[in-house]
Structure formats: structure tokens, C-alpha cells
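The letter at position 242 of the sequence shown is residue 270 when you use the working numbering, and the numbering goes up by one with no holes.
Below is one structure, written out as C-alpha cells; comments come after it.
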Amino acid sequence: MRSLFNKICLMLLLLAMAGCSVIKVSYNNAQELTYWWLYSYVHFSDAQKPLIKAELAALHDWHRFNEIPAYIKLLESAQKKVMHDTTPEQVCAEVENVRNRLRILNLQTEPIIEKLSPTLIHEQLGHMQKHFDKNNQKWQEDWMEGTQQERDEYRLKLAIERAEMFYGGLSDQQRDILKDNIRISTFNAETSYEERLRRQADAIATLKKIIDLKLAEPDIKLEIAAYFDRLQNGDDLAYQNYVDRLTVDSCAGFARLHNSTSAKQRQRAADKLGGYIKDLEALKSSAQIR
Numbered sequence: 029m030r031s032l033f034n035k036i037c038l039m040l041l042l043l044a045m046a047g048c049s050v051i052k053v054s055y056n057n058a059q060e061l062t063y064w065w066l067y068s069y070v071h072f073s074d075a076q077k078p079l080i081k082a083e084l085a086a087l088h089d090w091h092r093f094n095e096i097p098a099y100i101k102l103l104e105s106a107q108k109k110v111m112h113d114t115t116p117e118q119v120c121a122e123v124e125n126v127r128n129r130l131r132i133l134n135l136q137t138e139p140i141i142e143k144l145s146p147t148l149i150h151e152q153l154g155h156m157q158k159h160f161d162k163n164n165q166k167w168q169e170d171w172m173e174g175t176q177q178e179r180d181e182y183r184l185k186l187a188i189e190r191a192e193m194f195y196g197g198l199s200d201q202q203r204d205i206l207k208d209n210i211r212i213s214t215f216n217a218e219t220s221y222e223e224r225l226r227r228q229a230d231a232i233a234t235l236k237k238i239i240d241l242k243l244a245e246p247d248i249k250l251e252i253a254a255y256f257d258r259l260q261n262g263d264d265l266a267y268q269n270y271v272d273r274l275t276v277d278s279c280a281g282f283a284r285l286h287n288s289t290s291a292k293q294r295q296r297a298a299d300k301l302g303g304y305i306k307d308l309e310a311l312k313s314s315a316q317i318r
């Protein structure tokens with residue numbers, strides 16, 4: 029589970045790769061969407077609103093000029109590779125490329141949090157915690173309630189939906205591959221949920237420390253940098269090992285599914301990626317014109 033602030037990065041990345049003509053409308057409104065999404069957590073004061081809006085506008089401009097071209101390159105590479113068989117190692121390499129883009133985005137969000145954090149009050153941290161609690165309840169309902177079979181069926185439903193978005197309809201054999209992927213996966217809902225709670229608590233504690241101690245700007249920078257370091261690199265070896273195993277499982281599972289696809293399914297995936305590239309190229313051109 030990514031923290032509240034890491035979700036800013038993920039939201040921009042997902043909006044940029046949402047696909048179809050919706051991408052242009054969604055991305056051009058990303059600044060406003062992100063503002064209201066953050067507002068649901070923090071409930072900005074009148075004094076904070078101009079600050080956060082200005083910072084999000086700057087982030088959005090930077091993202092449009094710098095990250096959109098990088099996404100295009102990632103998608104063009106994937107489009108070429110999707111027509112051929114793959115290996116777990118190749119899939120994991122692509123995953124790491126996406127993670128690197130998120131790391132770069134994280135670096136751009138740090139200054140926003142550095143400026144906003146000392147203006148927060150305890151009531152706003154309370155709003156954040158309530159929102160965390162609400163989302164956690166939904167997460168538990170989705171991933172932890174019911175029998176193991178019911179949980180697996182929920183995961184299978186999501187896996188099929190994601191696969192068919194790119195490849196089109198799946199054969200019975202391909203659905204069986206997804207079932208096997210879930211059966212042998214090291215995913216553990218309880219472990220993931222515990223880490224989710226830990227990261228949320230870390231975010232609240234970091235902000236509370238900045239507020240309570242009235243830290244100076246250099247110390248705030250250190251606190252936020254340390255927080256992002258913990259977020260990205262972790263400080264729990266057992267959990268990091270769990271994530272590493274889960275990543276390897278996921279890469280292997282994707283490779284098994286992809287290698288089972290037909291030429292028609294691969295062409296559909298390539299066309300889908302081509303649509304993404306076309307829309308991103310349009311966004312890049314509009315950025316250059318502005």
C-alpha cells in the first residue's frame with residue numbers, strides 16, 4: 029500500500045496511461061482531480077488552498093513536459109515486445125522501469141509536502157486518519173473477508189478483467205493459468221494489511237512531529253526525505269523479502285499468461301498500447317505548443 033503522498037505520483041501515472049480519448053480529458057484535469065482527492069483527506073484551510081493549488085499546477089506542468097515523453101518510450105518498448113514471448117526476468121525489468129518513474133515523481137512531490145506540512149493542524153491529521161480508517165474498512169471487505177475460496181475468486185475476477193482489457197476474451201486454458209497464478213502466489217492479505225497500517229501510521233507520526241516540534245525548514249526536509257526513504261526502501265527486512273517474492277511471482281505469472289496468448293490477442297494488446305501512445309503524443313504536442 030502506498031502512502032497518501034505516494035498516491036499523488038501514482039494518480040498522475042495512471043491518468044497518463046488510462047487509454048482511449050478519456051486520457052486527454054482526464055490528464056488535462058489531473059490537477060483539479062488531485063486537489064479534490066487530497067482535499068478529501070486533509071480538508072485544506074483557506075490559507076492552504078492557494079499553496080497546494082500552485083504546487084499541484086507546477087507539478088502537473090513538470091510532469092507533462094518531462095514524464096509524458098518517458099512514458100511514451102516505455103509504451104513503445106512494450107508495444108514491440110508484446111508480439112513475442114517473454115520471460116519473468118523481462119517482465120520484472122519492465123516493472124522496475126515503471127517503479128523508477130514513480131521514484132522520480134516522488135522526488136518532485138517532496139517539496140510540496142515540505143511546504144504544506146508545517147501549516148497543518150491536528151484536526152487535519154484527524155481527518156486523514158478517518159479517511160484512512162474508511163479506506164481500510166473497504167480494503168478489508170475486498171481482500172480479507174470471506175473464505176479463502178471467496179478471496180481467491182475475487183482476485184481471479186480482477187485478474188481476468190485486467191487481462192481481457194488488453195488481450196480480449198480469454199480461453200479456458202488462459203483462465204486456468206490465472207487460477208494457478210493465484211493458487212501459488214505468495215500474496216498474504218494480512219501481511220499486506222499490516223504494512224498498510226504501518227505506513228499510514230508513519231505518515232501521521234511524521235506530520236505530527238513536524239507540527240508539534242515546530243521544526244525549521246532544514247529539519248522538515250530531513251524528516252520528509254527520511255519518510256520517503258522508508259516508504260521506498262522499507263525498514264522491515266521480512267516485509268521486503270515478502271514484496272520481493274510477490275514481485276517474482278507476479279512477473280512469472282504474467283509471463284505464463286502472455287506466452288499462452290494467440291497472435292490475434294497479442295495484436296490487440298499492441299493496438300491498445302498504440303492507442304495509449306497516440307494519446308500521449310497528443311498531450312506532449314499540446315505541452316510544446318503552450
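Ideal Cβ positions, reconstructed from N, Cα and C, are used throughout, including at glycine.
Because the structure is a prediction, the values reported are computed rather than measured.
Residue i versus residue j - alpha carbon distance
i: Gly-154; j: Asp-180; result: 34 Å
i: Ile-252; j: Glu-142; result: 7 Å
i: Glu-192; j: Arg-183; result: 14 Å
i: Tyr-270; j: Ile-140; result: 31 Å
i: Leu-87; j: Glu-60; result: 12 Å
i: Ser-199; j: Ser-290; result: 10 Å
i: Glu-178; j: Thr-219; result: 18 Å
i: Leu-186; j: Glu-173; result: 16 Å
i: His-286; j: Ile-212; result: 17 Å
i: Met-45; j: Lys-236; result: Any reading at Met-45 is ruled out, since the residue's pLDDT is 42, under 50, leaving its predicted position unreliable.
i: His-112; j: Glu-124; result: 20 Å
i: Pro-246; j: Asp-230; result: 20 Å
i: Ile-10; j: Met-156; result: One cannot answer for residue 10 here, as it falls past the ends of the chain, which runs 29 to 318.
i: Glu-117; j: Leu-308; result: 27 Å
i: Leu-135; j: Ala-310; result: 26 Å
i: Thr-161; j: Ala-82; result: The question names Thr, but residue 161 in the sequence shown is Asp. For Asp-161 and Ala-82, the distance between alpha carbons rounds to 29 Å.
Secondary structure of residue i, DSSP reduced to three states
i: Lys-306; result: helix
i: Thr-115; result: coil
i: Asn-216; result: coil
i: Val-271; result: helix
i: Ala-244; result: coil
i: Gly-196; result: coil
i: Asn-56; result: helix
i: Ser-68; result: helix
i: Gly-174; result: coil
i: Ala-191; result: helix
i: Ile-149; result: coil
i: Gly-154; result: helix
i: Thr-289; result: coil
i: Gly-281; result: helix
i: Ser-313; result: helix
i: Ala-75; result: coil
i: Asp-161; result: helix
i: Asp-89; result: helix
i: Val-110; result: coil
Identity of the residue in the options nearest residue i by Cα
i: Arg-323; options: Gln-107, Ala-75 and Asp-257; result: Nothing about residue 323 can be reported from this structure: the residues present for the chain run from 29 to 318 only.
i: Tyr-255; options: Thr-234, Pro-246, Thr-214 and Asn-209; result: Thr-234
i: Lys-115; options: Ser-278, Leu-301, Ser-313 and Ala-310; result: It should be noted that the sequence gives Thr, not Lys, for residue 115. Ranking Ser-278, Leu-301, Ser-313 and Ala-310 by Cα distance to Thr-115 puts Ser-278 first.
i: Trp-171; options: Leu-144, Gln-152, Glu-189 and Asn-216; result: Asn-216
i: Leu-225; options: Met-111, His-159 and Lys-109; result: His-159
i: Val-70; options: Asp-299, Leu-102 and Ile-232; result: Ile-232
i: Lys-242; options: Ile-149, Tyr-67 and Asp-89; result: Ile-149
i: Arg-92; options: Leu-133, Trp-65, Leu-265 and Glu-117; result: Leu-133
i: Glu-138; options: Leu-250, Gln-152, Arg-190 and Lys-207; result: Leu-250
i: Thr-275; options: Asn-94, Gln-152, Cys-120 and Ile-238; result: Cys-120
i: Gln-152; options: Lys-300, Asp-161 and Tyr-67; result: Tyr-67
Beta-carbon spacing of residue i, residue j below 9 Å
i: Ile-205; j: Arg-294; result: no
i: Ile-305; j: Glu-104; result: yes
i: Ile-80; j: Lys-312; result: no
i: Ser-73; j: Gln-201; result: no
i: Gln-76; j: Thr-147; result: yes
i: Arg-129; j: Leu-102; result: yes
i: Gln-107; j: Gly-302; result: yes
i: Gln-168; j: Tyr-221; result: yes
i: Glu-223; j: Asp-263; result: no
i: Leu-84; j: Tyr-63; result: yes
Supposed close pair residue i, residue j - CB separation, criterion 8 Å
i: Tyr-195; j: Ala-297; result: 6 Å
i: Arg-273; j: Thr-214; result: 5 Å
i: Ile-248; j: Ser-145; result: 6 Å
Interface flag, residue i vs chain B, CB-CB below 9 Å
i: Leu-153; result: Going by chain labels, chain B is absent from the structure shown, which holds only one protein chain.
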